[in-house]
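Number of protein chains: 2
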Amino acid sequence: MSAKGKAVRTRTSSTEIGDSIFDGALDLLEEQGPAGLTVRGVAIRAGVAPMGVYSRFGSKDGLIEALFVHGFTTLQDAIDSPTEPDPLNRLRAGCLAYRHFALSHPQLYHLMFAQMMVLQLSEESLESARHSFATLTERVSTAMHAGELRSADPVEVAQQIWSAMHGAVSLEIADVHFAIDREASYASMLDALLHGLGAATR
Amino acid sequence: MSAKGKAVRTRTSSTEIGDSIFDGALDLLEEQGPAGLTVRGVAIRAGVAPMGVYSRFGSKDGLIEALFVHGFTTLQDAIDSPTEPDPLNRLRAGCLAYRHFALSHPQLYHLMFAQMMVLQLSEESLESARHSFATLTERVSTAMHAGELRSADPVEVAQQIWSAMHGAVSLEIADVHFAIDREASYASMLDALLHGLGAATR
DNA sequence: ACAGATAAAGAACAACGTTCTATAGGGAGC
DNA sequence: GCTCCCTATAGAACGTTGTTCTTTATCTGT
Numbered sequence: 003m004s005a006k007g008k009a010v011r012t013r014t015s016s017t018e019i020g021d022s023i024f025d026g027a028l029d030l031l032e033e034q035g036p037a038g039l040t041v042r043g044v045a046i047r048a049g050v051a052p053m054g055v056y057s058r059f060g061s062k063d064g065l066i067e068a069l070f071v072h073g074f075t076t077l078q079d080a081i082d083s084p085t086e087p088d089p090l091n092r093l094r095a096g097c098l099a100y101r102h103f104a105l106s107h108p109q110l111y112h113l114m115f116a117q118m119m120v121l122q123l124s125e126e127s128l129e130s131a132r133h134s135f136a137t138l139t140e141r142v143s144t145a146m147h148a149g150e151l152r153s154a155d156p157v158e159v160a161q162q163i164w165s166a167m168h169g170a171v172s173l174e175i176a177d178v179h180f181a182i183d184r185e186a187s188y189a190s191m192l193d194a195l196l197h198g199l200g201a202a203t204r
Numbered sequence: 003m004s005a006k007g008k009a010v011r012t013r014t015s016s017t018e019i020g021d022s023i024f025d026g027a028l029d030l031l032e033e034q035g036p037a038g039l040t041v042r043g044v045a046i047r048a049g050v051a052p053m054g055v056y057s058r059f060g061s062k063d064g065l066i067e068a069l070f071v072h073g074f075t076t077l078q079d080a081i082d083s084p085t086e087p088d089p090l091n092r093l094r095a096g097c098l099a100y101r102h103f104a105l106s107h108p109q110l111y112h113l114m115f116a117q118m119m120v121l122q123l124s125e126e127s128l129e130s131a132r133h134s135f136a137t138l139t140e141r142v143s144t145a146m147h148a149g150e151l152r153s154a155d156p157v158e159v160a161q162q163i164w165s166a167m168h169g170a171v172s173l174e175i176a177d178v179h180f181a182i183d184r185e186a187s188y189a190s191m192l193d194a195l196l197h198g199l200g201a202a203t204r
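Chains as they are written, first to last, in this note's numbering: chain A, 3 to 204; chain B, 3 to 204.
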């Protein structure tokens, strides 16, 4: 309050706004799910005005799109991070890391795939999803060349593996999972599929 | 308009309102996706007042829950409908019917799983999801008893199959599918998994 | 036929995403 | 350092949404 009784406007340094909003959105999303992602809620969390979402991300959808890209970029890193010398083991470890990412960020993972049917996504954003798929395909291809998986179109095989992983973690984070040991169930499904694709029994 | 210039209220027979709203919601959902599912939009489509959603379904969420139950009930029928004499073939046909259902009702399928992470669902509604899973488990169990799948906990195995199916169709209806022949890709993944679970090579 | 309960229609309210208006930060020029 | 102007920030207003409240018509029981 100023000496004249008028409210004093505070103003955030413009270099911090984008990050504050993005971090606030990420936090609110995991804490409250998609219902927590309101423009006002994010702005309050970030300590800025709601208009900041529009100047920085263009719209609420733009903010969601930024979360989408961040999610796929992080997912790609997860698939890519294992460094086992054996190609099949490296692929498998990447698949385990996939689940770990999803379970560590359940709401973000859910948003990434849910928004594909909802949001009008830019080519650039879709590219981030494609990159994570390409990383998986590359790992599959390497295991094929090493003779550890039956030779086939690596894209087709990667699609199958991705489908299985996505289905498993989606049901798991939604708590629609009736198996007792969820981690073992995921590993077992993965091994059954890899075996069906030509891997030696694990 | 009455002779006195006052609008004449029309009133729908109460036995029709619930069905009109539900059918309107189902149509709008498939035509426009979740964004089309507004209370006013559904009411207009059904030719009733928005308040009808509340008296019949309790809330917008209640309407969505009715769609959820309808979806899972229909999905269960799809899994259950094949009558092939051979248990493994019957299971496999049910899995193909699963995909057919999802592709025929992409938005409904998406809503069914998306809402699991969003909606506070009644025990009754969750039971409809469990019933469709139980049907799949039963089919798995029968194939095991016939010696066509390796003996294991049928729940665990059904969970794996469901995960793979769910992942595959989810990515397919979201158009995140890089394989050339999607139907063949699904069948191939299914067969690889069933083979890994003990089925003779198809 | 009449009365009362209930649910249907229509209006109003609070919260939402978005756009508009007022204000302050930051950079350029002197 | 000071002034001016542009831009982005905060705050307010607007249209749409889900929901609740009020009015009105249907339905049931006597």
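The beta-carbon is built from N, C-alpha and C at its ideal position, and this holds for glycine as well.
* To do: Report buried or exposed for residue 61/B, applying the criterion of at least 16 other Cβ atoms within 10 angstroms of its Cβ.
  => exposed
* Where residue 72/B sits in the DSSP three-state scheme -> helix
* Going by Cα to Cα distance, which pick from 41/B, 177/B, 119/B, 110/B is closest to residue 171/A? -> 119/B
* Asked: So what does DSSP say about residue 152/A, is it helix, strand or coil?
  -> coil
* To do: Measuring alpha carbon to alpha carbon, tell me which of 189/A, 146/A, 137/A, 165/A ends up nearest residue 80/A.
  => 137/A
* With DSSP as the reference, label residue 6/B as helix, strand or coil. => At residue 6/B the pLDDT is 35, less than 50, meaning the model places this residue with poor confidence; the figure from the coordinates comes in the next sentence. Here residue 6/B sits in coil by DSSP.
* **Length of the line joining the Cα atoms of residue 166/B and residue 22/B** => 36 angstroms
* Asked: Is residue 162/B close to chain A, meaning its C-beta is less than 7 angstroms from at least one C-beta of that chain?
  -> yes
* Is the Cβ of residue 180/B closer than 7 angstroms to any Cβ of chain A? -> yes
* Asked: Once you ignore the five residues that flank residue 77/B on each side, which residues in its own chain have a CB closer than 6 angstroms to its CB?
  -> 103, 134
* Asked: From residue 92/B to residue 168/B, what does the alpha carbon distance come to, in whole angstroms?
  -> 19 angstroms
* To do: Could you check how far apart the C-beta atoms of residue 74/B and residue 130/B are, in whole angstroms? I think they sit under 8 angstroms.
  => 4 angstroms
* To do: With 7 angstroms as the limit, tell me which residues of the segment 90-102 of chain B have their beta carbon closer than that to any beta carbon of chain A; keep them in chain order.
  => none
* Through-space distance from residue 178/B to residue 145/B, alpha-carbon basis -> 32 angstroms
* Are the beta-carbon atoms belonging to residue 14/B and residue 50/B less than 7 angstroms from one another? -> yes
* Pull out every residue of the segment 30-46 of chain B whose Cβ sits closer than 9 angstroms to any Cβ of chain A, in chain order. => 35, 36, 37
* Residues near residue 67/B in its chain [Cβ-Cβ closer than 6 angstroms; skip 5 each side] -> 127
* N-terminal and C-terminal residue of the alpha helix (DSSP H) that residue 23/B is part of -> 16-34
* Asked: So what's residue 197/A in DSSP terms, helix, strand or just coil?
  -> helix
* residue 202/B, buried or exposed, once every other Cβ within 10 Å from all chains shown has been counted against 16 -> exposed
* To do: Could you please tell me which residues of the segment 61-78 of chain A, in chain order, have their CB closer than 8 angstroms to any CB of chain B?
  => none
* Spatial distance of residue 150/B from residue 90/A (CA atoms) -> 28 angstroms
* Asked: For residue 180/B, does the three-state DSSP call read helix, strand or coil?
  -> coil
* Put residue 88/A into one of helix, strand or coil per three-state DSSP. => coil
* To do: Please confirm if the segment 41-56 of chain A is in contact with the segment 107-122 of chain A, defined as three or more CB-CB distances below 8 angstroms between the two stretches.
  => no
* Asked: Short check: CB of residue 20/A to CB of residue 48/A, under 7 angstroms?
  -> no
* CB-CB length for residue 195/A against residue 194/B, believed under 8 angstroms -> 6 angstroms
* Asked: Quick one, which of 197/B, 185/B, 183/B has its alpha-carbon nearest residue 1/B's?
  -> In the structure displayed, chain B extends from 3 to 204; residue 1/B sits before or after that span and is not available.
* Residue-chain proximity (residue 113/B, chain A), Cβ-Cβ < 7 angstroms -> no
* residue 190/A versus residue 161/B - alpha carbon distance -> 11 angstroms
* To do: Grab the span of the alpha helix (DSSP H) containing residue 137/A for me, first residue to last.
  => 125-147
* Which residue from 31/A, 24/A, 192/A, 200/A puts its Cα closest to that of residue 109/A? -> 31/A
* Asked: Just how far apart, CA to CA, sit residue 186/A and residue 54/B?
  -> 47 angstroms
* Close Cβ partners of residue 86/B (< 7 angstroms) along its chain, the five nearest in sequence each way excluded -> 92, 95
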